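K.L.:
Remember, the working numbering sits 414 above the position in the sequence shown when you count from 1. Below is a structure I'd like to ask you about.
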Amino acid sequence: MIGKSRDQDGFALILTLFVLLLISLALAMLATAVGLEETKAQRVGGTIALDAVSDAALANALALLAQERPRPTLSRELHGGRFEIEMDVRRRQAWVTTRAFVGGRRRVVRALVSRTGGRPRVVSWRESSVEFESR
């Protein structure tokens, strides 16, 4: 009987170690999944912030055109980012180029703005892909 008890103790030890191995693997996979989700959430948050700064830059340019106070260049800091505006203003239209920068990422938008009819209106626009700013 004593021999069986040792065999059972040995089996129980091996089984316990196997269960601990499985638990540690499951926890490692969970930690990796959470880390990936966190990275994905940060990327999405950065894209949303970049969208907001880019939209603010174009809105600022349109506001300046509406007030008949266009400037050839303008740069502003925003909470968490900054933007630059370049305007080539003609009598009936303006070419507006905006650059938005947030967290090492950049977005460039070039828009053709009509200045007829009392208020500026975006006729067409083109956006570059989001890219990382070289430092």
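The beta-carbon is built from N, C-alpha and C at its ideal position, and this holds for glycine as well. All values reported here derive from a predicted model rather than from experimental measurement.
If I'm right that G495 touches A514 with Cβ under 8 Å, what's the distance once you round it to whole angstroms?
P.N.:
Against the sequence shown, residue 495 aligns to sequence position 81. Against the sequence shown, residue 514 aligns to sequence position 100. The beta carbons of G495 and A514 sit about 6 Å from each other, so the pair counts as a contact at 8 Å.
K.L.:
Quickly, what does DSSP pair D577 with across the bridge? List them, please.
P.N.:
Only positions 415 to 549 of the chain appear in the structure, and residue 577 is not among them; the question remains open.
K.L.:
Using 8 Å as the threshold, is the C-beta distance between V542 and R521 below it?
P.N.:
Counting from 1 along the sequence shown, the entry for residue 542 is found at position 128. Counting from 1 along the sequence shown, the entry for residue 521 is found at position 107. In the sequence as displayed, the identity of residue 542 is Ser instead of Val. Contact flag set, yes.
K.L.:
Please identify the residue among V433, A470, R524 and V516 whose C-alpha is closest to the C-alpha of G459.
P.N.:
For this step, residue 459 is matched to residue 45 along the sequence shown. The shortest C-alpha separation from G459 is found at V516.
K.L.:
Terminal residues of the continuous beta strand (DSSP E) containing R519?
P.N.:
Residue mapping note: residue 519 aligns to position 105 of the sequence shown, counting from 1. That run of the beta strand (DSSP E) goes R519 to S528.
K.L.:
Specify the secondary structure class of R485 as computed by DSSP and reduced to three states.
P.N.:
Taking the sequence shown and counting its residues from 1, one reaches residue 485 at position 71. Coil at R485, not helix or strand.
K.L.:
Just the Cα atoms here: how many angstroms apart are G531 and T446?
P.N.:
Here residue 531 refers to the residue found at position 117 of the sequence shown. Here residue 446 refers to the residue found at position 32 of the sequence shown. Going by the C-alpha atoms only, they are around 56 Å apart.
K.L.:
In three-state terms, what does DSSP make of M415?
P.N.:
As a working mapping, residue 415 is identified with position 1 in the sequence shown. Per-residue confidence for M415 stands at a pLDDT of 47, beneath the threshold of 50, marking its modelled position as unreliable; no derived number is given.
K.L.:
Just to confirm before moving on: does the CB-CB distance between L479 and P534 stay below 8 Å?
P.N.:
Stepping through the sequence shown from its first residue, residue 479 is reached at position 65. Stepping through the sequence shown from its first residue, residue 534 is reached at position 120. Contact: yes.
K.L.:
Please list the terminal residues of the continuous beta strand (DSSP E) segment that includes T538.
P.N.:
Here residue 538 corresponds to residue number 124 of the sequence shown, with the count starting at 1. Note on identity: in this sequence residue 538 is Ser, with Thr being the wrong assignment. Residues R535 to E541.
K.L.:
I need the DSSP call for G495, collapsed to helix, strand or coil.
P.N.:
For the purposes of this step, residue 495 is taken as the residue at position 81 of the sequence shown. DSSP places G495 in strand when its eight states are reduced to three.
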